[in-house]
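One structure below.
Chains as they are written, first to last, in the UniProt record's numbering: chain A, 1 to 365; chain B, 1 to 365.
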């Protein structure tokens, strides 16, 4: 029947896509550098740090577009600067709302346990809120809290009129039912936009989602701010996660692109990708998308943020995207860097969604 | 921003897709026989009966695949026979449920006004219900009923434990708010499966929709019953309506096809379509998909049911699909006829959804 289900994909949700990408089913393990078709499988986190650490220009030279030889240089899409601009706009809008109706948007974050990475994400979100004038509320519960305690706090935030957005920082401790907890956030405050009702509305023409998920919203925003036309263009989204790939494809289709979704079961992904005017890659596989995958002049949005070993770095690793940046720069007309591309946009869109929520609740135009 | 909306698409919903196809935004008006790219626009119902009434083999001969010359003959996918088989299976399952727990599934249909076509659809659904042992309940309200009266009846069916599925026959009289009325059907009885929550669950990995919309479910069921492999195949869905195209694309992706959606803003739709191993066309445009659009050996599911003038027919018209059947037969490996392909599957899937609903409500395995 038509209801066969995925069994190997993560249902995790979060506003910070980066840390989830390595968990999604579309992660790719590269074998012997460049086997085509690629063998796909569940990601092994140790591989993330030991496989491809730089692009190898020797890959499939026979299929490299002729234009690559010309060493053209793509425009770098500066996500950091655009995100700053958006945050300034949000900040101004928040001042206007405060002056007019005395309301300040509020974002509540619930953190359970002592994971350092989670603590860092929460700290960054709080700082971002402060920088634009959003009140942030944090509940930090110990690792051994009960599900009931988490639900109690969510319920409190659901009822609190000063809170316009609620985030539950993932992952939750393993003794908790993540789906139960996420479902308890009322849809009007679900600023992550991952509720199936929102995704359904995103998929349907004539319907409006309450919130658009932050990372894909950030991708489209980058295209808009750089004046990249979308209507009538071929777009390929690599990856079909609930938090990036699927909503990104739906958003592109809403903007009248002709969209193809490439995923772990796709044969010859490079052939399909090479047809695209716009590529959004969100698989969490370092340097998977090579220059030979990119049509000359295409625009490339690289959502991957993958740590790879780097002895020269003080941290012992550096971050790279899904796309081999140096090769993409020679073929694409524009490309996002990693870091500094989509990453800063995700938090900017979270702030934007929180502002949208507050404006909607108070009917402020 | 990423929230630009369609303004020209129908939000109508129904289990019988055929009559809605001419209303959807992806309907195509053919100009001067074969202009490429095609000009798309809102459908004009008079054109439906006066434009292409037969396939013209002269179309783009230069791009016809060589294999077409071989006059191969596609397998005809017999929807009528498969639908009969499914109805027999449903009938047996209903007997088993009745024998075991004494429950008979019930489908309620609400019809407002005196449209002859609507009356015919309702009568056909009732007959289909009877043929498999589903109780059908009908409320027929006069054209000048109030919205409140319709809502009262829906509310009654929502609360009635003998009713497991509720259909509101569309279109409703213009003085009623269709969305209000459809939204009042409780999601557990929304056997059409068009609720955004269902569509969202369909789009998301790890989530299960309560109901899969009948027509796209019927398309996938045909592929399954004919043993057509889907995983890893290229699929093109032509049309992105809420009731067929979009859910069909989501279903194919759930089955691990690599899916591209072709629509009214797509440039060179025939080039993209020709890459597909599986084509599902649902645009409501007679004979739009020509032989030259079809890769030799592809499987073609034709959802369109379009009336075209036919002086030889007693009715003055005959029904044709979106696909030029005679050309498709020479190129495809298998193709659905119109009528007798997807059409009979839609009602079979409605019966299947009603049975599913009754089994779920009574926890009958």
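Idealized CB from N, CA, C, for every residue including glycine.
- DSSP places residue 358(B) within a helical segment (H, G or I) once states are collapsed to three.
- For residue 217(A), same chain residues with a beta-carbon under 6 Å away, outside a window of 5 residues either side, are 349 in chain order.
- At a cut-off of 8 Å between C-beta atoms, residue 214(A) does not count as an interface residue with respect to chain B.
- At a cut-off of 8 Å between beta-carbon atoms, residue 285(B) makes no contact with chain A.
- Proximity of residue 186(A) to chain B, defined by a Cβ-Cβ separation below 8 Å, is not satisfied.
- Residue 251(B) has its alpha-carbon roughly 20 Å from the corresponding atom of residue 272(A).
- Counting only Cβ-Cβ distances below 7 Å, residue 253(B) has contacts in chain A at 240 and 261, in chain order.
- Residue contact check for residue 105(A) against chain B: no CB pair falls below 8 Å.
- For residue 196(A), the enclosing alpha helix (DSSP H) begins and ends at 196–203.
- Three or more beta-carbon pairs separated by less than 8 Å link the stretch 101–111 of chain A to the stretch 127–146 of chain A, which places the two stretches in contact.
- Take the alpha-carbon of residue 292(B) and the one of residue 208(A): they are about 37 Å apart.
- Among the residues of the stretch 181–207 of chain B, those with a Cβ less than 9 Å away from any Cβ of chain A are 194, 195, 196, 197, 198, 199, 200, 201, 202, 203, 204, 205, 206 and 207, in the order of the chain.
- If you compare the alpha carbons of 115(A), 129(A) and 182(A) with that of residue 147(A), the shortest gap goes to 182(A).
- Per DSSP, the unbroken beta strand (DSSP E) holding residue 165(B) starts and ends at 165–168.
- Of all residues in the stretch 149–163 of chain A, none has a C-beta nearer than 7 Å to a C-beta of chain B.
- The beta carbon of residue 158(B) sits closer than 6 Å to those of 186, all from its chain and outside the five residues before and after it, given in chain order.
- Chain-ordered listing is empty here: chain B has no CB closer than 9 Å to the CB of residue 315(A), the nearest sitting near 32 Å.
- At a Cβ-Cβ threshold of 8 Å, residue 276(A) and residue 328(A) do not count as neighbours.
- Residues of chain A with a Cβ closer than 8 Å to the Cβ of residue 365(B) do not exist; the shortest Cβ-Cβ separation is about 15 Å.
- Contact with chain A is found for residue 265(B), since one of that chain's Cβ atoms lies less than 8 Å from the residue's Cβ.
- Using a 10 angstroms sphere on the CB of residue 96(B), the tally of other CB atoms stays under 16, which defines it as exposed.
- If you look at residue 331(B), you'll find it in the alpha helix (DSSP H) that goes 325–331.
- Taken atom to atom, the span from the alpha-carbon of residue 130(B) to that of residue 89(B) is near 14 Å.
- A straight line joining the alpha-carbon of residue 161(B) with that of residue 140(B) spans about 20 Å.
- Distance between residue 306(A) and residue 319(A), taken at the CA atoms: about 5 Å.
- Contact of residue 272(A) with chain B is assigned, a C-beta pair being separated by under 8 Å.
- Cβ-Cβ distances below 7 Å link residue 150(A) to 110, 112, 141, 176 and 181 in the same chain, with the five nearest sequence neighbours on each side left out; the list follows chain order.
- At a cut-off of 8 Å between beta-carbon atoms, residue 326(A) makes no contact with chain B.
- Contact annotation for residue 231(B) against chain A: 265 [CB-CB distance below 9 Å, chain order].
- In chain A, no part has a C-beta under 7 Å from the C-beta of residue 78(B); the shortest such distance is about 19 Å.
- Residue pairing from DSSP places residue 140(B) in a beta bridge opposite 111(B).
- In this structure, residue 298(A) and residue 279(A) form a Cβ contact; the two beta carbons are roughly 6 Å apart against a cut-off of 8 Å.
- The three-state secondary structure of residue 234(A), taken from DSSP, is strand.
- If you look at residue 306(B), you'll find it isn't in any alpha helix (DSSP H); it sits in the beta strand (DSSP E) that goes 306–309.
- Annotation: residue 166(A) to residue 354(A) spans about 9 Å, alpha carbon to alpha carbon.
- Interface criterion not met: the Cβ of residue 322(B) is under 8 Å from no Cβ in chain A.
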